[in-house]
Amino acid sequence: MTRDHHTILRQGIVETCREMNRTGLNQGTSGNLSHRIPGGMLITPTSLPYEQMTTDDIVAMDFSAEYEGNHRPSSEWRFHRDILKARDDVNVVLHTHSTFSTILAVHERAIPCFHYMVAVAGGNDIRCAPYACFGTQALSDHALAALDGRKACLLGHHGLIVTGPTFEKALWLAVEVETLAKMYVHALAIGEPPRLTEADMAQVHEQIRRMGYGQAPDLDGVGDLPRLKSV
Ligand code: 13P
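Per this note's numbering, residue 1266 is the first one in the sequence shown, and the count goes up by one each step.
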């Protein structure tokens, strides 16, 4: 990986952070974002508002926790490091205190399969990790367990973690999960909504895989799927 590639990733971090603010996923100095580099990660600095952040402010950190940069890394470097180390499918780790995900997290509630789109986070629910203080190894351990077989999880009394192969897909999933959380919180106003069945969800997972929907790998049109016209 060249210096130029690092520059592109630094720009990607800054642009994605600005997008997190623009979409309302984030506010103030809450939230953090990382991208994998060989042997480590590029990560947002701690306590710096995203509107002020430039590419020079991004911190390079290796998996042994040594870092280079003008700032200290995000206080949540442990879960960023541990997720990137444990999960080959992940290049980007995104954390926010987005409002509706956090409303559920303060109630220690997972997002169940009340809506089929829960499947885009990889399973039949989006788990809520037990509470641990921010910046601790305990929080990282809980997050990693809650992410087992999943692309996203809530953090009890704290917020949301979303992972992805690219900035675009991680941001897309963060908006989807926050929207699901918003729908679930509103649905609860008239009672606990019924769940889709295991069979319903198995069909949705298969449909996502078959159609290359959202986070799934892009597939060529097969069977009854539409094909791009060649000219
Ligand atoms: P940092 O500014 O250290 O990244 O912390 C923000 C946060 O959201 C902690 O969970």
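Glycine included, every Cβ here is placed at the ideal spot set by N, Cα and C.
Three-state class that DSSP yields for residue i in the structure shown
i     : result
M1581 : The first residue shown for the chain is 1266 and the last is 1496, placing residue 1581 beyond what the model contains.
N1297 : strand
A1394 : strand
T1444 : helix
V1487 : Bear in mind that a pLDDT of 46 at V1487, under 50, signals an unreliable position, so the model cannot answer this.
K1434 : helix
G1277 : helix
R1492 : coil
L1290 : coil
R1283 : helix
Y1478 : coil
Cβ-heavy atom distance, residue i to the ligand 13P, below 6 angstroms
i     : result
F1399 : yes
N1335 : no
G1414 : no
T1294 : yes
T1367 : no
T1320 : no
8 angstroms contact criterion, which residue i and residue j should meet: CB distance rounded
i     : j     : result
L1445 : Y1381 : Going by Cβ atoms, the distance from L1445 to Y1381 rounds to 10 angstroms, so no, they are not a contact pair.
L1298 : T1309 : 5 angstroms
Y1396 : H1422 : 5 angstroms
Residues that DSSP places opposite residue i in a beta bridge
i     : result
I1302 : G1305
Notebook entry, point to check: Where in the region 1306 to 1381 do unbroken runs of the alpha helix (DSSP H), each at least 4 residues long, occur, reported from the N-terminal end onward?
Noted result: 1342 to 1351, 1364 to 1371
Checklist line | Unbroken stretches of the beta strand (DSSP E), 3 residues or longer, contained in the region 1395 to 1432 | finding: 1417 to 1420, 1424 to 1429
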